[in-house]
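Chemist: One structure is given below, represented as structure tokens, and several questions about it will come after.
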Amino acid sequence: MSKQLALDPSFDKQSVFQLLARFNLSAGDLADVFASYLTIHPPKENDLNSLRGALKKRGTNSQIEVLKTTGRLLTSEEIKKRLGLASRQTIHNLKLKGKILSISFENRRGDYFPEFQLDGAGIREWIPELLHRIPDTWSALAFLTARRTDLGGVSFLMHILQDCSRTQEMLAAADAYAS
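The structure is reproduced here in structure tokens:
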């Protein structure tokens, strides 16, 4: 005898998850499905709180995974010294103009800068080009660090750090990612 969906919430969630997994939908497609569902079945306040908590946890876990592959993070003071700049305000201005990749954390004050973007005492030329294509820095970092089957399981970051002549290939993929 099969279980009825309304009688077992944990079974319901597992069933829905398995069903969705079979369709192999992209995150965007899945978001569209749930957005449509929510227009028909508006969430209650406690549902929204639960959703916010799940998204926040998922975001934090994803950020941890991304950071495992980026290498060292520099503080504003450290990057200022490495670039030979006079003030942290200059770093802030570079960040606002999309010339340097910085990330921030909900539970920490200040910005952090992945060290890989430095080439000696300068910023790698492709960083501003990447940020022009993918302005959200966490998304840009996730794009760079994701392992790619077309690169033999290597990320674009590792790929271009080993062979900078492949930068245009990465930027073309960033265009496709952003569109």
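Each step along the sequence shown adds one to the number in the numbering used here, with nothing skipped, and position 80 is 302.
We treat Cβ as the ideally placed atom computed from N, Cα and C, and that holds for glycine.
Would you mind sorting residue 336 into buried or exposed? The rule is 16 or more other CB atoms within 10 Å of its CB.
Modeler: By the neighbour-count rule (16 or more Cβ atoms within 10 Å), residue 336 is buried.
Chemist: Give the DSSP-derived three-state secondary structure of residue 388 in the structure shown.
Modeler: Helix at residue 388.
Chemist: Does the CB of residue 261 have a neighbour CB from chain D at under 8 Å?
Modeler: Included in the structure is just one protein chain, with no chain D present.
Chemist: Compute the beta-carbon to beta-carbon distance between residue 369 and residue 377, rounded to the nearest angstrom, for a pair I have assumed lies under 8 Å.
Modeler: 5 Å
Chemist: What is the DSSP secondary structure of residue 298, counted as helix, strand or coil?
Modeler: helix
Chemist: Please report the Cβ distance between residue 339 and residue 356, rounded to the nearest whole angstrom; I am assuming they are in contact, meaning their Cβ atoms lie under 8 Å.
Modeler: Rounded, the Cβ-Cβ distance is 14 Å, inconsistent with contact.
Chemist: Which of the three DSSP states, helix, strand or coil, is assigned to residue 356?
Modeler: coil
Chemist: Per the DSSP calculation, residue 345 is bridged to which residue(s)?
Modeler: 340
Chemist: My assumption, with CB atoms under 8 Å, is that residue 317 sits in contact with residue 341. Please give the rounded CB distance.
Modeler: For a cut-off of 8 Å, the C-beta gap from residue 317 to residue 341 is around 18 Å, too long to register as a contact.
Chemist: Can you say whether residue 387 is buried or exposed, counting buried as having 16 or more other CB atoms within 10 angstroms of its CB?
Modeler: exposed
Chemist: Going by DSSP in three states, residue 245 sits in which element: helix, strand or coil?
Modeler: Residue 245 falls in the helix class under three-state DSSP.
Chemist: What does residue 335 pair with, by DSSP beta-bridge criteria?
Modeler: 296
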